[in-house]
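J.: Here it is, the structure, as structure tokens.
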Amino acid sequence: MQRNLDKTKPLCPQICEHICLDVALGELKPNERIKSVREAAVAVGVNPNTMQRSYEILEQEGILYSVRGTGWFVSENTEKAKQSLEKLKEEKTRMFFEEMLNLGMSAEELREFIKEYKYD
Amino acid sequence: MTEILKVEGLVKKYGRTEALKGISLTLPAGKIVGLLGPNGSGKTTLIKIINGLLTPTAGKIYIAGQKPGAKTKGMVAYLPDAIYLNSWMTVKQIVNYFCDFYEDFRPELAYQMLEKLNISPNHKLKTLSKGNKEKVCLILTMSRNALLYVLDEPIAGVDPAARDYVISTIINNYNPEATVLISTHLISDIEQALDEVVFIQDGEITLHKTVEEIREENGKSVDGLFREMFRW
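From first to last, the protein sequence lines are chains D and W.
Per this note's numbering, the first sequence starts with residue 2, numbered consecutively.
Per this note's numbering, the second sequence starts with residue 139, numbered consecutively.
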């Protein structure tokens, strides 16, 4: 029910990020109808007003669009969502490197690790 | 925005003890609000005044502009903290009873929710487990089409899986015209579902904010802030 939301941070941006990633990774397809605000609020276990606001923010960003009386859909153009995904990837990678350097890993060891890692 | 509840300088004394020390509070429509406070802080006293079960010593209280009375009882759906139904009745009899009692009761909604939980309408209440009895009480309360839902400790007696059910029932019945006031001390379970929180301590309101404000300003969960404010 709870989709790993960090309750010490505002929920709206976190929900937006989750939906954005689903769009960028193709879990949600362009022009696909997504869950209604109420269904999504129940599924994630958050307040309906929070979910409504998240959808509205994503609409302003051009990731979703709404059709009055019908519901919410994924935008045809997923470029914006993909940009967000790229930004997130970069952030997470940077964080990983910083953490490893803080743990005393040398640049040489890091390079070695990246080369040896089993990517499957 | 319509005011569902307006409280001004509300005082309640039990003999010499002041349970509410002049509180003021306004709740608009379309919100899910948590009434949070330690034991003996005045939560249930406030709730009973809202329901017209207690009369205030001083101060004013309005529900959709009306003083508590016969008329407001038709607008307020109240879930008390104790089970109050006759245990010899079947679930179906209780649903019929509620139909007779409340004009705004929606039996089809009640049966729909009962079915989802696999509770047969032909069972007598006394054959149900404590958790299931509490769920029946919640279903009956949420099946009314009220303006103000007042839930006193709706999740205290149920297991974590049932808590999720209770919370999703509350979210699912959300209506932009109505407001839900939930009193609890199990904050971390419910805080995701809330719009606003009201902290009450020693008969006074110490904080009234939106939960997103709390997260943004304090970098804390509502539960975290509560534990910090009420440390002893």
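Each residue gets a CB set at the ideal place from its N, CA and C atoms; glycine is no exception.
1. Assuming contact is defined by CB atoms lying nearer than 8 Å, are A41(D) and S85(D) in contact in what I supplied?
2. How long is the line joining the alpha carbons of M367(W) and L174(W), rounded to whole angstroms?
3. Would you please verify whether the beta carbon of C17(D) is less than 8 Å from any beta carbon of chain W?
4. In its own chain, which residues sit with a C-beta less than 8 Å from the C-beta of R244(W), not counting the 5 before and 5 after it?
5. So, for L192(W): in the same chain, excluding its five sequence neighbours on each side, which residues have a beta-carbon less than 6 Å away from its beta-carbon?
6. What's the gap between the Cα of D121(D) and the Cα of N5(D)?
7. Please confirm whether E354(W) has its beta-carbon closer than 8 Å to some beta-carbon of chain D.
8. Quickly, what does DSSP pair E146(W) with across the bridge? List them, please.
9. DSSP on P166(W), reduced to helix/strand/coil?
10. Using the three-state DSSP reduction, which class does H261(W) fall into: helix, strand or coil?
11. Hey, could you find the ends of the beta strand (DSSP E) K67(D) is sitting in?
12. Rounded to whole angstroms, what's the CA-CA distance from R95(D) to E246(W)? Just pull it up for me.
13. Check whether chain W comes within 8 Å of C13(D), counting only Cβ atoms and requiring the distance to be less than that.
14. Considering only C-alpha positions, which residue in the set D23(D), E33(D), E100(D) is nearest to T71(D)?
15. Which one of P11(D), L12(D), P14(D), L22(D) has the shortest CA to CA distance from E87(D)?
16. Return the residue from the list M251(W), E355(W), T164(W), D340(W) that minimises the CA-CA distance to T155(W).
17. Got a sec: is the Cβ-Cβ distance from V47(D) to anything in chain W below 8 Å?
18. Can you tell me where the alpha helix (DSSP H) holding I309(W) begins and where it ends?
19. Tell me, which residues are paired with Y287(W) by DSSP?
20. When you compare only the Cα positions, how much space is there between F114(D) and T79(D)?
21. Taking Cβ positions only, does N103(D) come closer than 8 Å to chain W?
22. Could you work out which residues of chain W lie near R39(D), taking near to mean beta carbons separated by less than 9 Å?
23. Answer yes or no: do V214(W) and L276(W) have a C-beta to C-beta separation smaller than 8 Å?
T.: Taking the definition as stated:
1. By one-based count along the first sequence, residue 41(D) stands at place 40. By one-based count along the first sequence, residue 85(D) stands at place 84. Contact: no.
2. Position 229 of the second sequence holds residue 367(W). Position 36 of the second sequence holds residue 174(W). When rounded, the distance between both Cα atoms is 11 Å.
3. On the first sequence, position 16 is the one that residue 17(D) refers to. Chain W contact via Cβ: absent.
4. Counting from 1 along the second sequence, the entry for residue 244(W) is found at position 106. Only S281, R282, N283 meet the Cβ criterion.
5. Within the second sequence, residue 192(W) is the residue found at index 54, counting from 1. Answer for L192(W): K186, listed in chain order.
6. Looking up residue 121(D) in the first sequence gives position 120. Looking up residue 5(D) in the first sequence gives position 4. C-alpha separation (whole angstroms): 25 Å.
7. On the second sequence, residue 354(W) is found 216 positions in, with the first residue counted as 1. Taking Cβ atoms only, chain D reaches closer than 8 Å to E354(W), which makes this a yes.
8. Looking up residue 146(W) in the second sequence gives position 8. BP columns for E146(W) point to K198(W).
9. Within the second sequence, numbered from 1, the residue matching residue 166(W) stands at position 28. Strand.
10. Translated into the one-based positions of the second sequence, residue 261(W) becomes position 123. Reduced to three states, the DSSP call for H261(W) is coil.
11. Here residue 67(D) refers to the residue found at position 66 when the first sequence is read from its first residue. The question names Lys, but residue 67(D) is Ser in the sequence shown. Counting along the chain, the beta strand (DSSP E) containing S67(D) begins and ends at 65-68.
12. Here residue 95(D) corresponds to residue number 94 of the first sequence, with the count starting at 1. Here residue 246(W) corresponds to residue number 108 of the second sequence, with the count starting at 1. Computed Cα separation, rounded: 55 Å.
13. Numbered from its first residue, the first sequence carries residue 13(D) at position 12. Yes, C13(D) lies at the interface with chain W (some Cβ there is under 8 Å from its Cβ).
14. Residue 71(D) sits at position 70 when you count from the first residue of the first sequence. Closest option to T71(D), Cα to Cα, is E33(D).
15. Counting from one through the first sequence, the residue named residue 87(D) turns up at place 86. The shortest C-alpha separation from E87(D) is found at L22(D).
16. Looking up residue 155(W) in the second sequence gives position 17. When each option's Cα is compared against that of T155(W), the closest is D340(W).
17. The sequence position of residue 47(D) within the first sequence is 46, counting from 1. Yes, V47(D) counts as interfacial toward chain W.
18. Along the second sequence, one-based indexing puts residue 309(W) at 171. Per DSSP, I309(W) belongs to the alpha helix (DSSP H) from 298-310.
19. For the purposes of this step, residue 287(W) is taken as residue 149 along the second sequence, with counting starting at 1. Note: Y287(W) sits in a beta bridge opposite A215(W), V318(W).
20. For the purposes of this step, residue 114(D) is taken as residue 113 along the first sequence, with counting starting at 1. For the purposes of this step, residue 79(D) is taken as residue 78 along the first sequence, with counting starting at 1. Going from the Cα of F114(D) to the Cα of T79(D) covers about 34 Å.
21. Position 102 of the first sequence, counted from the start, is the residue given in the question as residue 103(D). Not closer than 8 Å to any Cβ of chain W, the Cβ of N103(D) fails to qualify, so no.
22. The residue you call residue 39(D) lines up with position 38 of the first sequence. Those within 9 Å of R39(D) in chain W are I309, N310, Y312.
23. Position 76 of the second sequence holds residue 214(W). Position 138 of the second sequence holds residue 276(W). No, Cβ-Cβ distance for V214(W) and L276(W) is not below 8 Å.
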